[in-house]
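A.B. asks: Quick one: this structure, given as structure tokens, is what I'll be asking you about.
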Amino acid sequence: MSGLSLKYIRKNYGDVRAVDNVSLELQGGALTALLGPSGCGKTTLLRMIAGLEDPSAGSISLGGRDITRLPAHKRKFGMVFQSFALFPHLNVSDNVSYALTIAGTPRGQAAARAHELLDLVQLSAFAERRIGELSGGQRQRVAIARALAQEPDVFLLDEPMSALDAKLREDMQVELRQLQQRLGITTIVVTHDQHEAMTMADQIVVMSQGRVEQMGTPQAIYHQPENAFVADFIGKANFFDGVIAAGQVRLGDHLLQITPPANFIDGSPVRIAIRPEKAALGGQGANLLPAKVTFVRDVGPVRDIHLETSVGPMIVADSDNRQPLRIGDVVQVSLPAAAIHVFPRLQDKVAA
Ligand code: ATP
């Protein structure tokens, strides 16, 4: 299991800098998700790792060996892209064994390997079927089996589940993750779906405008976002703009009892974030703001309570307090200090 190392990778297309100085250390055997909004450079980065694009600058190494200029076909990487591009005239088994037979593996041996892989992706019963006779999820599993046929050192997937419906997509995320863990293969998945990244990944790389905003475990990314972009892109967050005052944060007429990081000086504009499930209704607790209920969305296990406060709108996700609420009710909302993230205010970096 070889680790993959990217150093100062850049890719320019004319004036467009698609990938900007990306350095990453990806542990061998781990599943890494490249996550970010459309156009942030995920696919370009994956294609450079695959050897399908040359970086404009920087280097890529696998297990300590520089592979920056190694052609794609010499990398022994398995790939699954958005369109699986299976061979419609071949049956399932032949789709999986195709690359092996082309590479000179004897037919019987290639067929045995295909059988093994189809077993792994639970498609043995479909070996003789034509591709046109399969569902979307089954086709996706054929594509995965085909990519794994040559025992790749690294497994690369670009939005592999984008064609599947929501339910199948969730099932496939779990299946693919279990398969990856069983094989222990170093894997990179490109996705713009945070739920997919959180479900599958050991580590998530959040990207925006060609750059890495944060890399960490799903839990670290969610609970300790390093900037407002990450807090906004992963999960939901309420944002308020304030200013550092007397070592605390002033929001409108309120002085919040929180200690911002030491590098913020008085007068600095800040943006604070709090997750909807971390704010609480009721007249107790720290940092109370009066608020008016504007909407209640009860989805069973959680009620999303939309509020208007003197410093702006916010949402509280309420999972246990069953206090009856009506639009127009005036309530107190508490913002616990430990749940408040304080970021420098860089408005252009916050996702729309
Ligand atoms: P999506 O989720 O929409 O696929 P992405 O995060 O994968 O987006 P990329 O496809 O890597 O983004 O594109 C990054 C940027 O580089 C975009 O601005 C895109 O328009 C640009 N780009 C990508 N490929 C090319 C190319 N071959 N020529 C010119 N510009 C390109």
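Taking my numbering, I'd label the letters of the sequence shown as residues 2 to 353. We treat Cβ as the ideally placed atom computed from N, Cα and C, and that holds for glycine.
(1) Mind checking who H255 pairs with in its DSSP beta bridge?
(2) Going by the C-beta, is H342 closer than 7 Å to any heavy atom of the ligand ATP?
(3) Just tell me which of L87, P153 and I132 has its CA closest to the CA of A51.
(4) Residues bridged to D159 by DSSP?
(5) Quick test of your reading: A19 and G42, contact by CB under 8 Å. State the CB separation rounded to the nearest angstrom.
(6) Would you say H193 touches the ligand ATP, meaning its beta carbon is less than 7 Å from a heavy atom?
(7) Could you check if T260 is buried or exposed, using at least 16 other CB atoms within 10 Å of its CB as the buried criterion?
(8) Report the residue from H307, K293 and D330 whose alpha carbon sits nearest the alpha carbon of D299.
(9) Have a look at R11 and D305 and give me their C-alpha separation to the nearest angstrom.
(10) Let me check one thing: in DSSP terms, what residues is F82 bridge-paired to?
(11) Report yes if the C-beta distance between V191 and I145 is below 8 Å; otherwise report no.
(12) Let me check understanding here. Comparing Cα to Cα, which of P302, L282, A339 and A287 lies closest to D330?
(13) Flag this pair as yes or no: are the beta carbons of G243 and V213 separated by less than 8 Å?
(14) Smallest Cα separation from L47: which of Q83, G15 and D16?
(15) Just tell me which of D159, G253, D67 and I275 has its CA closest to the CA of L7.
(16) In this structure, how does DSSP classify V122 when only helix, strand and coil are distinguished?
(17) What does a CB cutoff of less than 7 Å around A352 pick up in its chain, not counting 5 residues either side in sequence?
(18) Can you round the beta-carbon distance between I273 and V250 to whole angstroms, since I take them to be within the 8 Å contact cut?
(19) Starting from T102, trace the alpha helix (DSSP H) both ways and give me its first and last residue.
(20) In chain order, which beta strand (DSSP E) runs of at least 3 residues are fully inside the segment 230 to 305?
(21) Smallest Cα separation from L289: which of E176, V206 and L252?
(22) May I have the straight-line CA-CA distance separating M173 from H74, to the nearest angstrom?
(23) Does DSSP classify V351 as helix, strand or coil?
C.D. replies: Checking against the coordinates, here is how it stands:
(1) BP columns for H255 point to L252.
(2) Checking the Cβ of H342 against the ligand ATP gives no.
(3) Checked all of L87, P153 and I132; the closest Cα to A51 is P153.
(4) Beta-bridge partners assigned by DSSP to D159: V191.
(5) Right, the Cβ-Cβ distance comes to about 5 Å (below 8 Å), so this counts as a contact.
(6) Distances between the C-beta of H193 and the heavy atoms of the ligand ATP include at least one below 7 Å.
(7) Classification of T260: exposed, given that the 10 Å Cβ count is below 16.
(8) Nearest option by C-alpha distance: H307.
(9) Straight-line measurement puts the Cα of D305 at about 42 Å from the Cα of R11.
(10) BP columns for F82 are empty, so no partner.
(11) One thing to note: V191 has its Cβ no nearer than 8 Å to the Cβ of I145.
(12) Ranked by Cα distance from D330, the first of P302, L282, A339 and A287 is L282.
(13) No; because the gap between Cβ atoms is not below 8 Å, this pair is not in contact.
(14) Of the listed residues, the one whose Cα sits closest to L47 is Q83.
(15) Per the Cα distances, D67.
(16) In the structure shown, V122 sits in coil (DSSP, three-state: anything other than H, G, I, E or B).
(17) Only weak support is given to the placement of A352: the predicted model assigns it a pLDDT of 41, under 50, and the value that follows is read from those uncertain coordinates. Closer than 7 Å at the Cβ level, and outside the excluded window around A352, lie P38, F230, D233 and F234.
(18) Between I273 and V250, the beta carbon gap of about 6 Å places them in contact (Cβ cut-off 8 Å).
(19) T102 -> alpha helix (DSSP H) spans V93 to I103.
(20) Listed in chain order, the complete beta strand (DSSP E) runs (minimum 3 residues) inside the segment 230 to 305 are 239 to 246, 249 to 252, 255 to 257, 270 to 275 and 289 to 299.
(21) When C-alpha distances from L289 are compared across E176, V206 and L252, the shortest belongs to L252.
(22) For M173 and H74, the distance between alpha carbons rounds to 28 Å.
(23) With a pLDDT of only 42 at V351, under 50, the local geometry of the prediction cannot be trusted, and the value read off the model is given with reservation. Correct three-state label for V351: coil.
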